[in-house]
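>
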Amino acid sequence: MSEEEAIHVADVSEGIGGDATAEPGSPVELPVVDVLTGRSFITGKSGSGKSNTASVVIENLLSNGFPVMIVDTDGEYYGLKEEYEILHAGADDECDIVVSPEHAEKLATLALEQNVPIILDVSGYLEEDTANELLLEVVKQLFAKEKRMKKPFLLVIEECHEYIPEGGGMDETGKMLIKVGKRGRKHGLGIVGISQRPADVKKDFITQCDWLCWHRLTWDNDTKVVGRILGSKYASAVEDLGDGEAFLMTDWDESIRRIQFHRKETFDAGATPGLDDFERPELKSVSSDLVGELQSISDEKERRESEIADLKQELQKKDRRIADLERELEEARDLSDMADQFAQALLGKAEAPYRGGGRPPAGDERLGGTDDGDEGQSVLKSYDEAVAATEESDADAEAETDAAPGPGPSAADGGAEVDADAATGDAATADAADVDATAADSADEPNPPDDVDPVTRDDVAESALRFDEAIELGTREAVIDELRSRIESLPELSRGMLRHYRREGASDPVAAHIDAGGDGDSGHAYSRHRPIRRAGLIRHAGRGSYAYAVPDLVREAYADRLDEAQVDEIVRAVERVFVPSAELDYPPDAAPAEVGDRAPAGDDEAEENTDTDGADGDEEPSAPTDAGLSDAARRFAERSER
30 MSEEEAIHVA DVSEGIGGDA TAEPGSPVEL PVVDVLTGRS FITGKSGSGK
80 SNTASVVIEN LLSNGFPVMI VDTDGEYYGL KEEYEILHAG ADDECDIVVS
130 PEHAEKLATL ALEQNVPIIL DVSGYLEEDT ANELLLEVVK QLFAKEKRMK
180 KPFLLVIEEC HEYIPEGGGM DETGKMLIKV GKRGRKHGLG IVGISQRPAD
230 VKKDFITQCD WLCWHRLTWD NDTKVVGRIL GSKYASAVED LGDGEAFLMT
280 DWDESIRRIQ FHRKETFDAG ATPGLDDFER PELKSVSSDL VGELQSISDE
330 KERRESEIAD LKQELQKKDR RIADLERELE EARDLSDMAD QFAQALLGKA
380 EAPYRGGGRP PAGDERLGGT DDGDEGQSVL KSYDEAVAAT EESDADAEAE
430 TDAAPGPGPS AADGGAEVDA DAATGDAATA DAADVDATAA DSADEPNPPD
480 DVDPVTRDDV AESALRFDEA IELGTREAVI DELRSRIESL PELSRGMLRH
530 YRREGASDPV AAHIDAGGDG DSGHAYSRHR PIRRAGLIRH AGRGSYAYAV
580 PDLVREAYAD RLDEAQVDEI VRAVERVFVP SAELDYPPDA APAEVGDRAP
630 AGDDEAEENT DTDGADGDEE PSAPTDAGLS DAARRFAERS ER
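In terms of the working numbering, the sequence shown is residues 30 to 671.
1. Tell me, to the nearest whole angstrom, how far the beta carbon of GLY285 is from that of LEU259; I am working on the premise that it is less than 8 Å.
2. Out of GLY54, LEU241, GLY573, ILE516, state which residue places its alpha-carbon closest to the alpha-carbon of VAL64.
3. Quick one: what's got a C-beta closer than 8 Å to GLY546's C-beta in the same chain, skipping five residues either side?
4. Cα-Cα, which of ASN89, VAL254, PRO580, VAL603 is closest to ARG226?
5. Grouping DSSP H, G and I as helix and E and B as strand, with all else coil, what is MET367?
6. What are the uninterrupted segments assigned as alpha helix (DSSP H) that are 4 or more residues long and contained completely in the segment 148-183, given in chain order?
7. Report the start-end ranges of each beta strand (DSSP E) in the segment 40-119 that is 3 residues or longer and not cut off at the edges.
8. Following a CB-centred definition, is ASP200 positioned closer than 6 Å to any heavy atom of the ligand FMN?
9. Secondary structure at THR234, three-state DSSP: helix, strand or coil?
10. What's the call for HIS569, buried or exposed, on a 16-neighbour Cβ count within 10 Å?
11. Can you find the residues in the same chain that come closer than 6 Å, C-beta to C-beta, to VAL85, ignoring five residues on each side of it along the sequence?
12. Closest to GLY108 by C-alpha separation, out of ALA298, ILE509, LEU323, GLY44, would be which residue?
13. Give me, in chain order, the residues of the same chain whose beta-carbon lies closer than 8 Å to that of ALA35; leave out the 5 immediate sequence neighbours on both sides.
14. Quick one: give me the first and last residue of the alpha helix (DSSP H) that SER523 is part of.
15. Do you know offhand how far SER265's Cα is from ASP249's?
16. Cα-Cα, which of LEU270, THR252, GLN237 is closest to HIS244?
17. Could you tell me whether the Cβ atoms of ILE99 and ILE148 are closer together than 7 Å?
18. The alpha helix (DSSP H) that contains SER224, what's its start and end?
19. Going by CA-CA distance only, name the one from ALA540, LEU155, ILE561, HIS542 that's closest to GLU517.
20. Quick check: what's the CA-CA separation for VAL603 versus ASP366?
21. Consult DSSP for ILE673 and reduce its assignment to one of helix, strand or coil.
22. Can you name, in chain order, every residue of its own chain whose Cβ lies under 7 Å from the Cβ of THR419, other than the five neighbours on each side?
23. Mind checking ILE220: buried by the 16 CB within 10 Å criterion, or exposed?
24. Do ASP229 and GLY78 count as a contact pair if the criterion is CB distance below 7 Å?
25. CA-CA distance, VAL481 and ASP353?
26. To which residues of the same chain is ILE87 closer than 6 Å at the C-beta, ignoring the five residues directly before and after it?
27. Tell me which residue opens and which closes the beta strand (DSSP E) that THR295 is part of.
28. Nearest CA to the CA of VAL315: which residue from LEU566, TYR154, PRO146?
29. Does the beta-carbon distance from ALA133 to VAL167 come in below 7 Å?
30. Classify THR247 as buried or exposed, calling it buried when 16 or more other Cβ atoms lie within 10 Å of its own Cβ.
31. Classify GLN143 as helix, strand or coil using the three-state DSSP reduction.
32. Taking all protein chains shown into account, do 16 or more other C-beta atoms lie within 10 angstroms of the C-beta of ASN93, making it buried, or fewer, making it exposed?
33. What's the gap between the Cα of GLU501 and the Cα of ASP589?
34. Tell me, please, which residues DSSP counts as bridged to CYS242.
35. Report all residues from its chain with a CB closer than 7 Å to the CB of THR600; omit the five preceding and five following residues, and keep chain order.
36. Using the Cβ count rule (16 or more neighbours within 10 Å means buried), how would you classify ILE351?
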């Protein structure tokens, strides 16, 4: 490109501000180098011809093979495609390619390295932020590449007052355009700003321009700008300029001329619509290779967006699943708390006096009493709340509580006698006595440690259900096998505790644990005790004690249709899996004297330990000695002596 190369864009016009050295109609040329690398400002009110002037300059540059990039804010430059192969990139379907900020580097590469003219149409973006980001990234890429290439290139900005306003509020895009205006020339990057309101454009940009074009202006604030820059005579004359006529001020010849710009040759897409039919011209297409390169970026962006959308959807599913699990966990905790409350309330119900007064039911010892009855009433209230919370009837709870076996209280056992007034019908006094007894019992009763999980009502129900399913077979073997399997599944120490409950009838977990060979730690005792109770082999007997329940299970399995001899037979068959043979033939409720009189069948040692004085059958046997008793008999004897 020659330094003297110029483009013919206008002719000299008559009137105020005309060039006295040139005749009207003389050609007006602009040096190409100054246009491509310089800074320019074209202004004028709507319809005065400013966009036509920009198009005439661009057409001349394109005709001479010089690339430009036009930032089109109103979608009115696509008419250039009628004559020139120019890439139309933007957000509309009418564009050759839809672009986003991800395409910025590729657009700058096409423009500078492949000499492709580009219309960057930002009019179709619904989000202003997206259009600003796209323009900012493109200008950054152009500026960075031009620092290395130093190739003359022109950037045309329509409606520049939107990006570089006078009144402040300029964003990063505006700051970048100001940077191009101040420093772009030495890198070869020129800029043309176009606006219909010079008063709204930052004056730092206007005063840096090498050439300015002032079309017709009528608003007072705008004409004042003309007066400050060109002089007062031009401020009044600018109002009378015709369409396409302008004052041209240039630094390279330091002149102000009144000129008439040529009419653009391509389709004027920015013309005001009239009554005639609008006919869109046939536009040239750009190379499919260029579009393909940009399309690959679009495809990659869509792929990433699709992956991101899938990941977001997957994340939302996981978030919903986490929320569901947290809700289920909370519900499970509530149900667990409710089950614990219900189990504790059942325990309290079993040990609390009846609401109607009188003596407690059989199996519930009410020994002693206190003056304070609030604790017993609190237990009843706790029970009622638990029943209401779990929607269980009071009758069901009482049925489960009453099933616990145990001897009833009596005066001979040291229990407190009920007041004579209660015997004659004074219900209030009897109620108070029962409540006092409950409070006294509660004060003495040991409690399980807090860190031991309670056996809930659901555990017992599940065990019963499994037993019911087993006995549906209707055979004696099914009942025996089911109960044996429960016992065989117990840990060794737990089976030892079960033997203790069998011998003692009713006892507490700590005593059973010690007797089975364990320590006196309550946490350990209740931990070994829990599987026995969960299997239903023992049942709560009140005041922290539990009773041996295998015979009860057999009776329930046959709906109490068996006599006691048949029950004992099945119980012995079950007990063979955990009770030593020497102890098995002594029933749990045998008296010490009976133990001494009865020798287990087939037990030679027991026969040797019987009294030899009665060998002829005429004399009664003498009382057994401790040395001749089995371990089980000795324990019974010791218990009798105590």
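Note that the Cβ used here is the ideal one computed from N, Cα and C, for glycine as well. No experiment lies behind these values; they were computed from the predicted model shown.
Concretely, from the data shown:
1. A small correction: the amino acid at residue 285 is Ile; Gly does not occupy that position in the sequence shown. Indeed, because the Cβ distance is near 6 Å, the residues count as touching under 8 Å.
2. LEU241
3. LEU522, GLY525
4. VAL254
5. helix
6. 157-178
7. 56-60, 68-72, 97-101, 116-119
8. Absence of the ligand FMN is noted for the structure shown, with no ligands found whatsoever.
9. Position check: residue 234 holds Phe in this sequence, whereas Thr was assumed. It is helical.
10. buried
11. VAL38, PHE290, HIS291, LYS293
12. ALA298
13. GLU58, LEU59, PRO60, VAL61
14. 521-533
15. 10 Å
16. LEU270
17. yes
18. Element bounds for SER224: not the alpha helix (DSSP H) but the beta strand (DSSP E), 218-224.
19. ILE561
20. 36 Å
21. One cannot answer for residue 673 here, as it falls past the ends of the chain, which runs 30 to 671.
22. In this prediction, THR419 scores a pLDDT of 45, lower than 50, which makes its location untrustworthy; the coordinate-derived value is nonetheless stated afterwards. Here the set comprises MET367, PHE371.
23. buried
24. no
25. Interpretation of VAL481 is limited by its pLDDT of 44, a score under 50 that renders its predicted location unreliable; the figure taken from the coordinates is listed afterwards. Answer to the nearest angstrom: the Cα atoms are 29 Å apart.
26. VAL97
27. THR295 -> no beta strand (DSSP E), and no H or E assigned at all.
28. PRO146
29. yes
30. exposed
31. coil
32. exposed
33. Bear in mind that the predicted position of GLU501 carries a pLDDT of just 49, short of 50, making it unreliable; the figure below should be weighed with that in mind. Rounded to whole angstroms, GLU501 to ASP589 spans 15 Å at the Cα level.
34. ILE71, LEU277
35. Reading off the sequence, residue 600 comes out as Val, not Thr. Taken in chain order, the residues that qualify are VAL579, PRO580, VAL583.
36. exposed
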